[in-house]
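Numbered per my numbering, the sequence shown spans residues 31 to 661. Note that beta-carbon positions come from the ideal geometry of N, C-alpha and C, so glycine has one too. Worksheet: the structure to be examined is printed underneath.
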Amino acid sequence: PLTSLSSAGPSAALADLRVRMKEEGVDAYIVPSDDPHLSEYASPCYQRRSFLTDFDGSAGVALVTQDEARLWTDARYWEQAGMQLSKEWELMKVGDSECPTLIKWLGSQSERVKTVGLDPFLHPPSFVKELNETLESSTPSSSICFPSENLVDRIWDSQPSLPDSQFRIHPLEWAGADVATKLKAVRSKMKEEKAEVCVFAMLDEVAYIYNIRAADVECCPVGIAYATVTHTSANLYVDPAKIADPDLVLHLSKSKVTPRPYSSLIPDLKDFVLSNPESKVWVDKTKANYAVASTIPPSSLISKQNPVEPMKAVKNAKELEGMKEAHILDGVAMAKFIAWCKKSLSDAEAPPVTETLIDEKLLEFRGESPDFTEASFPTIAGVGSNGAIIHYRAHASSPLHKTLTPSTPILIDSGGQYTMGTTDVTRTWQFGEPTPVFSSHFTNVLKGNIGIDSCIFPENTPGVIIDSFARRALWNSGFDYGHGTGHGVGAALNVHEGPASISPRMGNKEPLKAGMVLSNEPGYYEPGNFGIRIENLLIVKEKIFDRKKKVDGAKKFLQFERLTMIPIQKSLIDLSLMNDEELDWLDSYHAEIWDKVGVRLEDGSDAKVWLKEACEKIERTPVSGAGVVLV
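Rendered as structure tokens:
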């Protein structure tokens, strides 16, 4: 589970950090991936862990002592981190049974680690609490300290500036509810909880509640800001320069939202608590940093899921309409891309189809729509063995960078941010003849995707209950994958959002609800050879049964509706492993794609010709056993 430490000396950054640690009396310093809003993706100025370690995956925590440097990250990034970390770093594989958590490891080092330093704006309260309890139980003299300035910032001479994108109005046409309606719903929940103030620290929650968007974080249409709501006011804590647009100023004014300086949040909260010691402040401590949450004394704090998270997760009719339109636009772009890809591979005079060129062409084809704004996450285009690196990102200068050929498979996970919605799709392609082993794995992954897509389940079912539908075919062959099956997706917002998921992890008991949008992405990975993943986005909706007689008090059931409008490559399927019901599903899906996307493509174009062929029905010829063959 652990790599071995090298005797090589520390990098200049590590050496400089250790000097600063000595000056502050810090024995160990923690450097997370987070920004002050605990975002999944951080603006460049907050990417301190990447600067320090050279590991650029989106998840991971670095720990530095005077003689060791360790990085904790989960299974999605083990291979990538192993390649990017220098020999002075020790990779700690989160999820491996032999790997202690960062906090447990620190607890075991109490003889030499007395003071642990961290930035209170970059950690949730739960982390600080657990760390403090562990240190106290290990050695009473151990403690946490909060240096007045982030120690990495003090050594990062080329640290980028704070993001300065302008906020813009998210049109009511796609928001589906105005700010007043959203504030009324929030205040209703506040009244139930007897809260006088509700604090929103997550960037997508601020964007959602005030119907605004920005571009401060790559691939996420959000801006750096906090929000607070009382029963009579609503505040937006933001750099004034970011809300200078006259239309936006009018939008905020009409919505009765008052701008406040970004740095005023904590002083304002302190003043409120001091002036209103009996009043309650609602802060979801899982979504606010320690510096903000600790401002509220325990006697005044309400800490539970805030009212915006479930509102945002359950999309209204207009948001779902926008998501459907975005996925049709995405289907058009992907049809053009695959047609280009096939043509380029068959043209000896065409430029090599490299992983980075694929990334560029995906942006180009999506960008032909005036509603496209940016990618919804960094594209994963992994040829051959790179497809097994679950969150791989191609760089032309990297020794891993590969060129696609007809004989090599490629895993492409990409998506777009459109004015009206957000997309996320993974397909695995191979434009030559696949091996039988590859086809077998591909088919089992497809069967898992169909298993989730077609399942019907009772209301109040959490995603963990249905996760095994995605894994059954793989399990039957003795295989599995190390990531969750599905995550929530925002409507013209972050591509990853809570609270629901489809995952084997038992901790998330949030039920799936009608109106939620989730991904469905089983996979299979052979390090050093290839990766396979098939991902669609799905809407959760009510299942209406055709009953002759109404049953009073009958339990409601739910099912899924597909959003993604991109074909699945039929020539990669081992049809002997598919049953008729699964083949009917595939034919029905491809017919739907042709009906919705085909009409948007120019007659006679390469894209339309390719899409028509890709969506044709499978001709079935019985063979011995239960399968069919493609003819």
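Going by DSSP, Tyr619 is part of the alpha helix (DSSP H) stretching over 610-627.
The straight-line gap separating the alpha-carbon atoms of Lys212 and Ala257 is approximately 13 angstroms. Rounded to whole angstroms, the separation of the alpha carbons of Gly545 and Gly520 is 11 angstroms.
Burial is judged here by how many other beta carbons sit within 10 angstroms of a residue's own beta carbon; Trp640 has at least 16 and is buried. Here Asp46 carries a helix assignment [DSSP, helix/strand/coil].
Rounded to whole angstroms, Pro291 and Ser309 show a C-alpha spacing of 24 angstroms. Classified as buried, Asp246 has 16 or more neighbouring CB atoms from the shown chains inside 10 Å of its CB. Of the residues assessed, Leu476 falls on the buried side of the cut-off, its CB having 16 or more other CB atoms within 10 angstroms. Under the three-state reduction of DSSP, Gly451 is assigned to coil, being neither helix nor strand. The bridge partners DSSP lists for Leu375 come to none.
With contacts defined by Cβ atoms closer than 9 angstroms, Pro251 and Cys75 do not form a contacting pair. Put simply, the backbone Cα of Leu93 is about 14 angstroms away from that of Lys144. The region 462-475 makes contact with the region 498-514; the number of CB pairs closer than 8 angstroms reaches 3 or more. Separation of Arg79 and Pro150 (C-alpha to C-alpha, rounded to the nearest whole angstrom) is 15 angstroms. Segment contact: the region 391-400 against the region 527-543, fewer than three CB-CB distances shorter than 8 angstroms; contact not assigned. Apart from the 5 residues on each side of it in sequence, Leu523 sits with its Cβ closer than 7 angstroms to the Cβ of Asp234, Ala237, Tyr238, Pro251, Thr452 in its chain, given in chain order.
The Cβ-Cβ distance between Gly518 and His526 falls below 9 angstroms. DSSP places Trp119 outside both helix and strand once states are collapsed to three, so it counts as coil. If you ignore the 5 residues before and after Asp46, its C-beta comes within less than 6 angstroms of the C-beta of Ile185, all in its own chain and listed in chain order. Under DSSP, Val91 forms a beta bridge with Trp102. Taking 9 angstroms as the cut-off, the Cβ atoms of Ile420 and Glu109 count as close. Look at Phe157 here: in three-state DSSP terms it is helix. At least 9 angstroms separates the beta-carbon of Arg243 from that of His281. Going by DSSP, Thr403 is part of the beta strand (DSSP E) stretching over 402-405. In this structure, DSSP gives Leu165 a helical state, which the three-state scheme calls helix. The continuous alpha helix (DSSP H) containing Trp108 extends over residues 108-114. Listed as beta-bridge partners of Cys250 by DSSP are Val247.
In this structure, the beta-carbon distance from Ala411 to Thr386 falls below 9 angstroms.
Counting the other Cβ atoms within 10 Å of the Cβ of Thr403 gives 16 or more, which makes it buried. Beta-bridge partners of Trp312 (DSSP): Cys228, Ile332.
About 35 angstroms separates the Cβ atoms of Leu350 and Leu434, ruling out a contact at the 8 angstroms cut-off. In the structure shown, Gly514 adopts coil according to DSSP, grouped into three states.
In the three-state scheme derived from DSSP, where H, G and I count as helix and E and B as strand, Ala210 is classed as helix. Annotated three-state conformation of Pro466 is helix, per DSSP. Excluding its 5 nearest sequence neighbours in each direction, Ala426 has C-beta neighbours in its own chain below 8 angstroms: Thr384, Thr386, listed in chain order. Nearest in C-alpha terms to Asn336, of all of Leu299, Val494, Lys219, Pro400, is Lys219.
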